[in-house]
Structures are given as C-alpha cells and as structure tokens.
Amino acid sequence: MSDSSVIDPSRTRAALDQASHAPGAIYASPEIFRREVDEYFKREWLYVGRVEELADPGDYMALRLVGEPVLLSRDRDGRLHANYNMCVHRGVEVAYGAGNLKAFSCPYHGWVYGLDGQLKGAAYMAESEGFDVANCALTPLRLDVWRGNIFINFDPDAQPLADAMAAIDEEFSFLGWEKCRLGNKLEIDLACNWKFVHENLMDFYHVGVLHAGSFGANFKFEPDHVMIKPGGGLSIFYDAGPPTPGAEPLLGKMPWLEDRPHSFACTAYKAPNMTFFGRIDCIRPMIAWPIDEGRTRVVIYHLFPEEFFDRPDFDETLKIYHDYQILVLEEDRVMIESMQLAMSSPAYRPGRMSTHEKGVHNFLNGYLDRVLDGATP
C-alpha cells in the first residue's frame with residue numbers, strides 16, 4: 152500500500168478555521184522523503200549561496216545537496232558554473248570544501264578538469280580506443296543568479312529562474328539585495344524534518360510565547376497581514392525591528408530604507424528551500440536542506456549594505472547579530488526537534504490549526520499539491 156493511500160490529509164485540506172495539522176507520516180516517512188527529493192527539490196530552483204562567495208576566478212564551493220555532490224566555481228573569464236561533483240571516470244568527487252584552485256584534480260586517478268568542468272587531462276588513457284578528453288566533462292547543472300543570489304536546478308526543463316522569481320522580485324526588490332554583501336553565514340544541523348523549519352519561520356502564533364524573552368515583545372502582526380501565494384508561498388509585512396537585542400539597527404539603516412520605521416519587517420517563502428527576512432538594516436535568507444526525513448541542515452545568511460563593511464566596528468557588531476541569531480535559533484530548535492519525536496509515535500494525532508497559522512496552512516497545502524497529488528511546477 153502506498154504512502155498516499157495510508158495518509159489522509161483531508162483535514163489539512165479543509166478551510167483554515169476547520170483544518171488540522173498534517174499527519175505524522177508526512178514528516179517521518181522515508182518513502183515520502185524520497186518522493187520530496189525526486190519530485191520537488193530536484194525540479195525547483197534552489198538557493199545555494201551568494202555571488203561574493205565565488206568572487207574571484209578559481210573560487211569554488213563543493214557541496215552535498217539533497218544527496219547529490221555539487222561543485223560551484225568561477226572560471227578565468229568570470230563565469231559561474233554548477234556541475235555534478237563526480238569524476239567522469241569513477242564518480243569520485245574532484246573537489247572538497249571551498250577555496251581557490253587553478254584546476255580540479257581527481258584525488259583517485261588524477262584526472263584534471265578546468266574550472267568550467269571540462270576534462271583537461273587523463274593519465275594513461277592514450278591507448279583507450281576512441282577516448283578523447285575533448286568529449287569529456289563534468290555533468291552540468293543549471294545555474295542562474297537573481298540579485299546577487301545563486302540558484303541551481305537539477306531539472307534541465309524547469310522554467311527560467313527569472314520566471315520563478317518574478318513575483319518575489321516585484322514585491323521585494325526594494326530590499327536592495329544586489330547592493331548588499333554577505334556578512335556571515337551560520338550552518339547548523341537540526342534533528343527535524345525540513346518542513347518544520349519553514350513552518351516554524353512562518354508560524355507567528357508561537358512568537359509571543361516561545362520568544363517572549365528575546366524578540367517577542369517587539370513583534371506585532373495581524374493574521375490578515377499574511378498574503379498567501381500559489382504553491383505554498385507567503386509574504387507578510389509586520390513590526391519586529393532588527394534581529395538584535397533591543398531591536399535596534401546597530402549599524403544604522405540600509406540607506407535605501409531610510410524612510411521606513413525601525414520596526415519594519417517582512418518575511419517571504421520561496422519553495423522549496425528558502426525563507427527570507429527583510430529588516431531595516433539587513434536581509435536574512437534562511438535555507439533548509441533536507442538530509443533525511445528526520446534531519447535538516449539550516450544555512451542562515453546575514454546580508455548587509457556594502458557601506459557597512461567599512462565601519463571600524465563592523466566585525467564586533469556582526470558578532471552581536473550572530474550571537475542573537477544563535478539565541479533565537481536555539482529557542483526554536485528545542486521545539487521543532489520535540490515535534491519531530493512525536494511524528495513517529497502511534498499516539499500522535501494532528502491538532503486543530505489556529506487562524507494565526509494561515510501561512511503554515513497554505514504552505515502545507517502547496518506542499519500536498521506537489522508531493523502527494525503530483526502537480527507539476
């Protein structure tokens with residue numbers, strides 16, 4: 152019997168004031184997880200980083216994303232590339248970590264690749280009939296850039312990134328993404344399903360309770376401010392202030408947002424791996440990478456205006472932002488890891504939703520459309 156016949160999401164499909172949360176198997180089933188990866192993550196544009204992480208020719212990042220080894224690089228002509236990080240000889244990864252190289256050399260048999268992924272040399276292959284290095288290269292992935300943010304797509308037939316980001320671009324280009332740089336990047340592994348990460352980030356119902364001692368006192372929103380989007384997307388404008396103790400912009404306002412109040416805040420979700428937060432002083436993309444059905448790697452980026460980096464107190468102040476993010480994330484981590492434990496229990500029964508969970512309700516229904524109902528992007 153298939154998972155889709157065992158799982159009954161009808162209560163989640165109901166109108167918000169009648170709806171319940173999703174069945175536990177949605178978060179705990181290995182079979183559903185494999186379907187999510189194959190039919191969702193590998194068919195959508197995925198946020199993988201910032202252009203300044205690959206600023207110079209020779210810069211590269213070797214990543215493992217949804218079970219696939221991926222190699223991002225910038226060639227000598229300044230072009231960005233994404234390839235499967237698998238030697239065409241035996242499949243070994245040709246690079247690890249991040250850094251700057253003149254070429255990639257497979258550590259197993261020494262096959263050498265250019266920064267674009269083209270094979271340049273393969274020792275002792277001259278006697279192999281019909282072998283020609285010119286016909287060999289790492290398998291490419293689609294890569295495109297939106298306002299300084301790098302996205303990849305495993306699906307060669309997916310819509311262009313510009314189309315996928317059109318609605319977000321129209322609503323949130325005012326944040327000035329392309330005028331910002333990466334201040335720092337935080338990575339943490341959580342013992343929870345990837346969906347809980349996004350649900351938690353758009354669940355404003357819990358803020359006044361769980362985060363009462365951190366940012367909850369500065370947080371103000373109304374449920375009707377949540378604007379639901381197709382495919383489980385969301386955008387919302389509300390009051391929260393900068394992500395610092397006291398909700399003050401410690402580095403000042405972003406120059407192009409000078410007319411906004413200190414309390415300005417916005418959040419949006421781009422399926423399937425990106426939720427971002429805009430504040431008066433910074434932008435924070437938060438990326439969820441599924442490892443398996445019960446583990447997720449979260450990557451958080453702090454983006455600040457170029458001019459902030461020239462301040463003598465920038466590094467010291469950046470640490471305050473970093474430490475505050477850790478504090479809030481730890482508050483959330485305990486809760487979502489606790490929820491994950493319940494998902495495998497036969498005693499778990501999905502509870503009713505609050506009307507304050509409008510974003511979560513839309514997220515889950517967009518997800519169900521794609522993964523259980525098989526809707527195409």
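Residue 528 is where the sequence shown ends in the numbering used here, and the numbering goes up by one at each step.
From the three backbone atoms N, C-alpha and C, an ideal C-beta is built for every residue, glycine too.
Is residue i helix, strand or coil by DSSP?
| i | result |
| --- | --- |
| Asp210 | strand |
| Tyr452 | strand |
| Pro436 | strand |
| Lys279 | Contrary to the premise, residue 279 reads as Ser rather than Lys in this sequence. Note: Ser279 maps to coil in three-state DSSP. |
| Val263 | strand |
| Leu205 | helix |
| Phe302 | strand |
| Asp168 | helix |
| Ser256 | strand |
| Leu408 | helix |
| Val243 | coil |
| Leu326 | helix |
| Phe460 | helix |
| Asp308 | coil |
| Ala398 | coil |
| Ala530 | What is shown of the chain runs 152 to 528, which leaves residue 530 out entirely. |
| Asp529 | As shown, the chain starts at 152 and ends at 528. That puts residue 529 outside it, with no answer to give. |
| Ile177 | helix |
| Met152 | Caution applies to Met152, whose pLDDT of 32 falls short of 50 and renders its modelled position unreliable; the model cannot decide the point. |
Can you list, in chain order, the residues of its chain with a C-beta nearer than 6 Å to that of residue i? Leave out the 5 residues immediately preceding and following it.
| i | result |
| --- | --- |
| Leu266 | Ser224, Asp226 |
| Thr418 | Ile387, Phe428 |
| Gly384 | Tyr420 |
| Leu519 | Pro160 |
| Ser155 | Summary for Ser155: the model assigns pLDDT 38, below 50, so the residue's position carries little reliability, and this model does not support an answer. |
| Glu187 | Val522 |
| Gly175 | Met494, Tyr499 |
Name the DSSP beta bridge partners of residue i, please?
| i | result |
| --- | --- |
| Lys371 | Asp390 |
| Ala233 | Leu223 |
| Pro291 | Asn234 |
| Thr447 | Leu341, Pro441 |
| Leu216 | Glu219 |
| Arg503 | Ser171 |
| Val296 | Ile301 |
| Leu385 | Ile379, Tyr420 |
With respect to the alpha helix (DSSP H) encompassing residue i, which residues constitute its N-terminal and C-terminal limits?
| i | result |
| --- | --- |
| Thr468 | 465–494 |
| Lys336 | Unbroken run through Lys336 is the beta strand (DSSP E), 331–341; no alpha helix (DSSP H). |
| Val348 | 345–353 |
| Leu270 | Where Leu270 is concerned, there is no enclosing alpha helix (DSSP H), although the beta strand (DSSP E) it sits in stretches over 270–272. |
| Arg521 | 509–522 |
| Arg185 | 181–190 |
| Gly429 | Counting along the chain, Gly429 falls outside any alpha helix (DSSP H), though it belongs to the beta strand (DSSP E) covering 425–430. |
| Ala315 | 312–315 |
| Leu361 | 358–361 |
What span of residues does the beta strand (DSSP E) with residue i cover, start to end?
| i | result |
| --- | --- |
| Val199 | 197–201 |
| Tyr420 | 415–421 |
| Gly250 | 249–251 |
| Val377 | 377–379 |
| Ile158 | Where Ile158 is concerned, there is no enclosing beta strand (DSSP E), given that its DSSP letter is neither H nor E. |
Within the same chain, show all residues whose beta-carbon is closer than 8 Å to that of residue i, passing over the 5 residues directly before and after it, in chain order.
| i | result |
| --- | --- |
| Glu458 | Pro406 |
| Asn369 | Asp390, Ala391, Gly392, Ala398, Ser414 |
| Gly242 | none |
| Glu531 | Not covered by the structure: residue 531. The range shown for the chain is 152 to 528. |
| His240 | Cys257, Tyr259, His260, Trp262, Ala273 |
| Leu401 | Pro393, Thr395, Asp432, Thr468, Ile471, Tyr472 |
| Met152 | Confidence at Met152 is low in this model, with a pLDDT of 32, below 50, so the placement of that residue should be treated as unreliable; the coordinate-derived value is given next. None. |
Could you name the residues of the same chain whose beta carbon sits closer than 7 Å to that of residue i, not counting the 5 residues immediately before and after it, in chain order?
| i | result |
| --- | --- |
| His172 | Thr163, Pro501, Gly502, Met504 |
| Ser365 | Leu478, Val479, Glu482 |
| Gly367 | Val358, Gly359 |
| Asn335 | His453, Leu469, His473 |
| Lys380 | Ala318, Ser386 |
Report yes or no: do three or more beta-carbon pairs, one from the region 160–173 and one from the region 504–517, lie closer than 8 Å? yes
The region 278–287 / the region 297–311 touching (three or more Cβ pairs under 8 Å): no
Quick test of the definition: if touching needs 3 or more C-beta pairs under 8 Å, does the region 194–212 touch the region 227–239? yes
Say whether the region 438–456 touches the region 322–342, bearing in mind that this needs 3 or more beta-carbon pairs closer than 8 Å, one atom from each stretch. They touch, by the three-pair rule.
Examine the Cβ distances between the region 250–261 and the region 202–221 and report whether three or more of them are shorter than 8 Å. yes
Tell me, please, whether the region 310–326 touches the region 389–397 by the rule of three or more beta-carbon pairs shorter than 8 Å. no
Do the region 268–281 and the region 191–199 touch if we need at least three Cβ pairs shorter than 8 Å? Taking 8 Å as the limit for Cβ pairs, the verdict is that the region 191–199 does not touch the region 268–281.
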